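Trainee: Take the sequence shown: its position 48, counting from 1, is numbered 48 in the UniProt record's numbering, and each next residue is one higher. A virtual CB, placed ideally from N, CA and C, is assigned to each residue, including glycine. Computed from a predicted structure; not experimentally measured.
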Amino acid sequence: MTTRRQADGALVVDLRGSLDAATVDGLRGVLLETLQRDRPRLMIVDLTFVTFMDSMGIGMLVTGYEAARDLGSRFVLRNPNEFVHRQLRITGLTSLFGLPAEPVQPYRI
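1. Would you decide whether I90 is buried or exposed? Buried here means 16 or more other CB atoms lie within 10 Å of its CB.
2. Which same chain residues end up closer than 8 Å to L27 when comparing Cβ atoms and leaving out the 5 residues on each side of it in sequence?
3. Going by beta-carbon coordinates alone, are T34 and T3 separated by less than 8 Å?
4. Could you give the DSSP three-state label for M53: helix, strand or coil?
5. Along the chain, where does the alpha helix (DSSP H) containing L88 start, and where does it finish?
6. Run the CB neighbour count on T48, radius 10 Å, all protein chains shown included, and call it buried at 16 or more, exposed below.
7. Comparing C-alpha positions only, which one of E102, A101, S73, V50 sits nearest to G17?
8. In chain order, what residues of the same chain lie with their CB nearer than 7 Å to the CB of N79, ignoring the 5 residues before and after it?
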């Protein structure tokens, strides 16, 4: 996990690899610590390089959303691949995280 600030002050968190039972405890702790320490008005969690996500990963994202909400911050997801987007759609969480109901397809020539 890496973090960076955008020019508008939003905090971008880049996640990589699998979000599953083997990884979420550590990620959850760092995510919550980052929220508490930086208190961004907007936290964007970039899922571009997330390759797999199970219910534990979804639970970690919901925990992050709730923690951000409690601090008065917005928490949104960005760039999920088709598999990750499907997991969020099946669980009814796309709108909670600011995602469209269907995954955005890349433009092809």
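Mentor: According to the structure shown:
1. For the purposes of this step, residue 90 is taken as the residue at position 90 of the sequence shown. Flag for I90 reads exposed.
2. The count along the sequence shown starts at 1 and reaches residue 27 at position 27. Its chain contains M1, L15, L19, M60 as the residues whose beta carbon lies nearer than 8 Å to that of L27, once the 5 sequence neighbours on both sides are disregarded; these appear in chain order.
3. The residue labelled residue 34 in the question sits at position 34 within the sequence shown. The residue labelled residue 3 in the question sits at position 3 within the sequence shown. Against a cut-off of 8 Å, the Cβ pair of T3 and T34 comes out as a contact.
4. Locating residue 53 in the sequence shown gives position 53, counting from the first residue. Correct three-state label for M53: strand.
5. Here residue 88 is taken as the residue at index 88 of the sequence shown, counted from 1. In the DSSP assignment, L88 falls within the alpha helix (DSSP H) that extends over 82 to 90.
6. Residue 48 sits at position 48 when you count from the first residue of the sequence shown. Exposed: under 16 other Cβ atoms inside 10 Å.
7. As a first step, residue 17 must be located in the sequence shown, where it is residue number 17. When only C-alpha atoms are compared, the closest one is V50.
8. Position 79 of the sequence shown holds residue 79. Answer for N79: D46, L47, T48, listed in chain order.
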